[in-house]
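Peer 1: Under my numbering, the first residue of the sequence shown carries the number 51, and numbering increases by one thereafter. For each residue, glycine too, the CB sits at the ideal point set by N, CA and C. Since this is a predicted model, take the numbers as computed values, not measurements. So that we are looking at the same thing, I have put the structure below in structure tokens.
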Amino acid sequence: MYSRGSMQAPTISDMSITDEHVVVDRKTTVGMVSERLSRSPDDAILVTDKAGNVAGVVTSKDIFKALGEGKGVVKLRLEKIMRTNVFTTEANTPLAEALTQISKQGPDAIVIMDGPNFAGYFSPDDYRSASRRIEAHQSMASRLKQSKSALTEAASEVEETDPDQEKMDLINLLLGDNEEEEEEEISSGF
51 MYSRGSMQAP TISDMSITDE HVVVDRKTTV GMVSERLSRS PDDAILVTDK AGNVAGVVTS
111 KDIFKALGEG KGVVKLRLEK IMRTNVFTTE ANTPLAEALT QISKQGPDAI VIMDGPNFAG
171 YFSPDDYRSA SRRIEAHQSM ASRLKQSKSA LTEAASEVEE TDPDQEKMDL INLLLGDNEE
231 EEEEEISSGF
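Structure follows, in structure tokens:
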């Protein structure tokens, strides 16, 4: 999770993107997904086109809307009521970047891809969780920067007042300056 000297920013793939949805063919009817939605009413139904790409999304709200309009929903194809503003992004996209794009576009569904393969669905709950995760990441990165600054200052004071190697080694360890030594030990087998 950490790169040399800094924290890696969280990505879309760090979120739980394999739940809260089901992927179905465009000819699937409301009746065919009704049992699933009765058990998990907050799930999204992702509807694919002829090529197998996600073309739209249907939620319980869309079905209730169609029902309220007097439509016979049991045999109604999902493609007739799906919302089609689908945003697609890669699983390795940094969360902060993805959240910015999502807030600008306001999509009906966020589909996550791993190259050419479907990786998951970024739900509204994922969005809220991602926002909290970004805030926590930024706070932690700020604290780490402050800690490193304080340790660097302490190291320079120790060098000036007490050249005790043990104290310097501890401060260098806390600063991460021992990474090269560890790599040498690992490569030599010890």
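What first and last residue would you give for the beta strand (DSSP E) that runs through aspartate 75?
Peer 2: 71-75
Peer 1: Using three-state DSSP, classify valine 107 as helix, strand or coil.
Peer 2: strand
Peer 1: What three-state label does DSSP hand aspartate 112 in the structure shown?
Peer 2: DSSP, read as helix, strand or coil, puts aspartate 112 in helix.
Peer 1: Comparing alpha-carbon positions, which option in Met190, Lys115, Lys100 and Gln196 lies nearest lysine 77?
Peer 2: Lys100
Peer 1: In this structure, what does DSSP give as the bridge partners for proline 144?
Peer 2: Bridge partners of proline 144: Thr61.
Peer 1: In terms of residues, what are the limits of the alpha helix (DSSP H) holding leucine 126?
Peer 2: Segment: none, leucine 126 is in no alpha helix (DSSP H) and carries neither H nor E.
Peer 1: Across the region 182-199 and the region 78-85, are there enough close Cβ pairs to call them in contact, namely three or more that are closer than 8 Å?
Peer 2: no
Peer 1: Just verifying my parser: in three-state terms, what is the DSSP assignment at serine 66?
Peer 2: coil
Peer 1: With H, G and I counted as helix, E and B as strand and the rest as coil, what does DSSP make of alanine 169?
Peer 2: For alanine 169, the three-state secondary structure derived from DSSP is strand.
Peer 1: In the DSSP assignment, find the unbroken beta strand (DSSP E) run with alanine 159 in it and report its ends.
Peer 2: 159-164
Peer 1: Starting from threonine 98 and walking both ways along the beta strand (DSSP E), at which residues does that stretch end?
Peer 2: 94-98
Peer 1: Rounded to the nearest angstrom, what separates alanine 200 and threonine 61 at their Cα positions?
Peer 2: 29 Å
Peer 1: Output needed for alanine 59: all residues of its chain with C-beta closer than 6 Å, excluding positions within five of it in sequence on either side, in chain order.
Peer 2: Answer for alanine 59: Pro144, listed in chain order.
Peer 1: DSSP on lysine 138, reduced to helix/strand/coil?
Peer 2: Before going further, note that residue 138 is threonine rather than lysine in the sequence given. Threonine 138: strand per DSSP, three-state reduction.
Peer 1: If you run the structure through DSSP and keep just helix, strand and coil, what is threonine 202?
Peer 2: Shown here, threonine 202 sits in a helix according to DSSP, grouped into three states.
Peer 1: With the cut-off set at 8 Å, would you say glutamate 119 and alanine 94 are in Cβ contact?
Peer 2: no
Peer 1: So, with DSSP's three-state summary, where would you put threonine 78?
Peer 2: coil
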